[in-house]
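> Numbering of the sequence shown is given in the numbering used here, commencing with residue 4 and proceeding in unit increments.
Questions regarding the structure given below will be posed in turn.
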Amino acid sequence: MDDEAEQLRLLEETGAYGPYRKEYIKKDGTTVPVELNGFIIENYNGVKGIFSLVEDISEKIATDQKIEVQRKKLVHSAKLASIGEMAAGVGHEINNPLAIAMGNITLIKRFLKSKGIVNGNMDRYLDSISYANERIRKIVDGLKLYSRLDSSIYKKASMNEAILETFKLTSEIYEKDGIFINFDKETEDLFIKGSLGELQQILVNLLSNAKDATKGKSNREILIELVKKGDYAQLSISDNGKGIPDNVKEHIFDPFFTTKEPGKGTGLGLGLVYELIKKMDGDISIESTPGEGSTFKISLPIFTGIEEVEEAVQEKVKPLVNIKGKALVVDDEADIRFLLKEFLTNAGLEVDVADDGDSGLEKTKLKEYDLIYTDMKMPKMNGEEFINKAKLIQPEKTRFIIVTGGVTKDYTKEVGVDLHSLADANITKPFSIESIEVTLRNFLSHR
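This is how it looks when you write it as structure tokens:
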């Protein structure tokens, strides 16, 4: 039964109809949306008729559409806020065991090398574990982006450089899968105010999305184009893949939304792209035809300011020789304490450990340390309180290094920023032995 027939049925059964929406055609041929309500009336002579109210609802529809757009934005913001809280905890809880796994692989490799043990299969096994850990780290880093403080230093960044560097990293891998990435290297370079690393992350995610979209095609192609549109740099990533249905387009930038099979995708990639572009005051849109392919178009404001010139100071990496000193490791995770102690002891330091801020503070009352490594999120006394109290006890020469899985919801933005002034260095889990060695070079090798 169509809408009009349904309204007539209601009129016959109840004596009224509506509200009912349809379009009227005006004299000039254009249409106008209207809403109708009506009821049966009867005069003194018993003659019945239909009284109808016809309302032009053009403005009402326009207002409703604006409200719906704002509602979607609020829902999107709410999703990001909830992900931000979750990501903060995820970053800490996953990065701890990840640091343990990655650190112990380093220790195993160093042990095998020290014993002169060369085994191709063992190397492959360890490299496979390292690769898996690196994939986990990237997923966690992606999650943390939703909760990370806006600490990116934006400056003049070359769009061409970002594209060409990403092209170098991906083209050979993609060609092995039968995918050809096309980009005219002679394209005019355009500069935006942003982060080269974040531009590359945007490109990698969009290329990965295009790669998946072309699966099953005999001639798989991805086209990258960069053009100037007024005051904006417009970057386009086009593929000849399966395209995106209309019902998917409206959700494609939602966090965790994915059309892939379980285990094939996290649903974070395009959500991250959207957030990074918005951070750079840009915009992104999609043009897609099912069965023919898709084009993602990114618009970013062209850089018009004056670039700050910084002198690059190139320092040669100094070998770790004659490193001596005393170090304290404070962390509530036993395996993290073990790992840091191994790294530092092998470097030549005398190392003590403590499982929380309280016991760490007691140790600082008994001995002077050159370096103190501490976690931030710990039971009893957190890292911030521990550092502030330990500074009152330890000599001025003592250096404090924060080793953390990321800023958690227990810290406000202001405190998060203060982490940089709270300690002499910050190391993020999962850490590498190289990041630990940097602190030894910076604080002990010159003594």
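Every residue, glycine too, gets a C-beta built ideally from N, C-alpha and C.
Would you call the region 292-305 in contact with the region 241-251, where contact means no fewer than 3 C-beta pairs closer than 8 Å?
The region 292-305 is in contact with the region 241-251.
> Identify the continuous alpha helix (DSSP H) that holds residue 428 and give its terminal residues.
Looking at the DSSP string, residue 428 is not in any alpha helix (DSSP H); the run it does join, the beta strand (DSSP E), is 428-431.
> For residue 230, collect the residues of the same chain with a Cβ closer than 6 Å to its Cβ; drop the 5 residues on either side in sequence, then sort them by chain order.
Closer than 6 Å at Cβ, skipping near neighbours: 237.
> Measuring straight from C-alpha to C-alpha, what distance separates residue 276 and residue 365?
Rounded to whole angstroms, residue 276 to residue 365 spans 47 Å at the Cα level.
> Leaving out five residues before and five after residue 345 in sequence, what residues of the same chain have Cβ atoms less than 7 Å from its Cβ?
Here the set comprises 110.
> Less than 7 Å between the beta carbons of residue 456 and residue 273, yes or no?
Not covered by the structure: residue 456. The range shown for the chain is 4 to 450.
> Report all residues from its chain with a CB closer than 8 Å to the CB of residue 37; omit the five preceding and five following residues, and keep chain order.
Once the five neighbours on either side are set aside, the close Cβ partners of residue 37 are 24, 25, 26, 27, 57, 58, 59, 60.
> What do you reckon, are the CB atoms on residue 367 and residue 396 nearer than 7 Å?
Contact flag set, yes.
> Closest to residue 127 by CA distance: which of 112, 119, 118 is it?
Out of 112, 119, 118, 112 has the C-alpha closest to the C-alpha of residue 127.
> Locate the alpha helix (DSSP H) running through residue 57, then write down its first and last residues.
From DSSP, residue 57 is part of no alpha helix (DSSP H) but of the beta strand (DSSP E) over 51-59.
> Count the CB pairs spanning the region 201-217 and the region 165-185 that are closer than 8 Å, and state whether there are at least three.
Yes: at least three Cβ pairs fall under 8 Å.
> With DSSP collapsed to three states, give me the class of residue 41.
Note: residue 41 maps to strand in three-state DSSP.
> At the level of alpha carbons, what is the spacing between residue 180 and residue 216?
Taking the straight line from one Cα to the other gives about 13 Å.
> Alpha carbons only, please: which of 437, 41, 163, 443 is nearest the one belonging to residue 198?
Of the candidates 437, 41, 163, 443, the one whose C-alpha sits nearest the C-alpha of residue 198 is 163.
> Could you spell out the range, first to last residue, of the alpha helix (DSSP H) harbouring residue 338?
Taken as a continuous stretch (DSSP letters only), the alpha helix (DSSP H) holding residue 338 covers 337-350.
> DSSP three-state label for residue 269, please.
With a pLDDT of 42 at residue 269, under the threshold of 50, the modelled position of that residue is not reliable, and the figure given next carries that caveat. Coil.
> Flag this pair as yes or no: are the beta carbons of residue 327 and residue 351 separated by less than 7 Å?
Yes; because the gap between Cβ atoms is below 7 Å, this pair is in contact.
> Using a 10 Å radius around the Cβ and a threshold of 16 neighbouring Cβ atoms, would you call residue 15 buried or exposed?
Exposed, because fewer than 16 other Cβ atoms sit within 10 Å of the Cβ of residue 15.
> What residue does the alpha helix (DSSP H) around residue 364 start on, and which one ends it?
Segment 360-369, the alpha helix (DSSP H) holding residue 364.
> Give the range of the alpha helix (DSSP H) segment to which residue 11 is assigned.
From DSSP, the alpha helix (DSSP H) with residue 11 extends over 6-17.
> Among 431, 282, 427, which residue has its Cα nearest to the Cα of residue 408?
It is 431.
> Does DSSP put residue 185 in a helix, in a strand, or in coil?
Looking at residue 185 - three-state DSSP - the assignment turns out to be strand.
> Quick one, are the C-beta atoms of residue 131 and residue 108 less than 7 Å apart?
For residue 131 and residue 108, no; Cβs fall outside 7 Å.
> Count the other C-beta atoms from every protein chain shown that fall within 10 angstroms of the C-beta of residue 433, then say buried if there are 16 or more, exposed otherwise.
It is buried - the Cβ of residue 433 has at least 16 other Cβ atoms within 10 Å.
> Enumerate in chain order the residues of its own chain whose CB-to-CB distance from residue 157 is below 8 Å, with the five nearest sequence positions on each side excluded.
196, 197, 198, 283.
> Express the C-alpha separation of residue 46 and residue 39 in angstroms, rounding to a whole number.
Whole-angstrom Cα-Cα distance: 22 Å.
> To the nearest whole angstrom, what separates the beta carbons of residue 348 and residue 356, a pair I think is in contact under 8 Å?
Not really, about 11 Å apart at Cβ, beyond 8 Å.
> Relative to the C-alpha of residue 43, which candidate in 383, 12, 68, 338 has its C-alpha closest?
Looking at the Cα atoms, 12 is the closest of the given residues.
> Output the distance between the C-alpha atoms of residue 340 and residue 393, rounded to the nearest integer angstrom.
So the two alpha carbons sit approximately 19 Å from each other.
> Give the DSSP bridge partners of residue 302, in chain order.
According to DSSP, residue 302 bridges with 237, 286.
> Based on the DSSP secondary-structure assignment, which residues constitute the bridge partners of residue 194?
Paired residues: 161.
> Using three-state DSSP, classify residue 326 as helix, strand or coil.
Correct three-state label for residue 326: coil.
> Three-state secondary structure (DSSP) at residue 47?
Note: residue 47 maps to coil in three-state DSSP.
> Considering only the beta carbon of each residue, do residue 279 and residue 201 sit closer than 7 Å?
Cβ distance < 7 Å, so residue 279 and residue 201 count as in contact.
> Which residues in the same chain as residue 438 place their Cβ atom closer than 6 Å to its Cβ, once the five residues preceding and following it in sequence are excluded?
430.
> Residue 330 to residue 101, Cα distance in whole Å?
Their backbone Cα atoms lie some 23 Å apart in a straight line.
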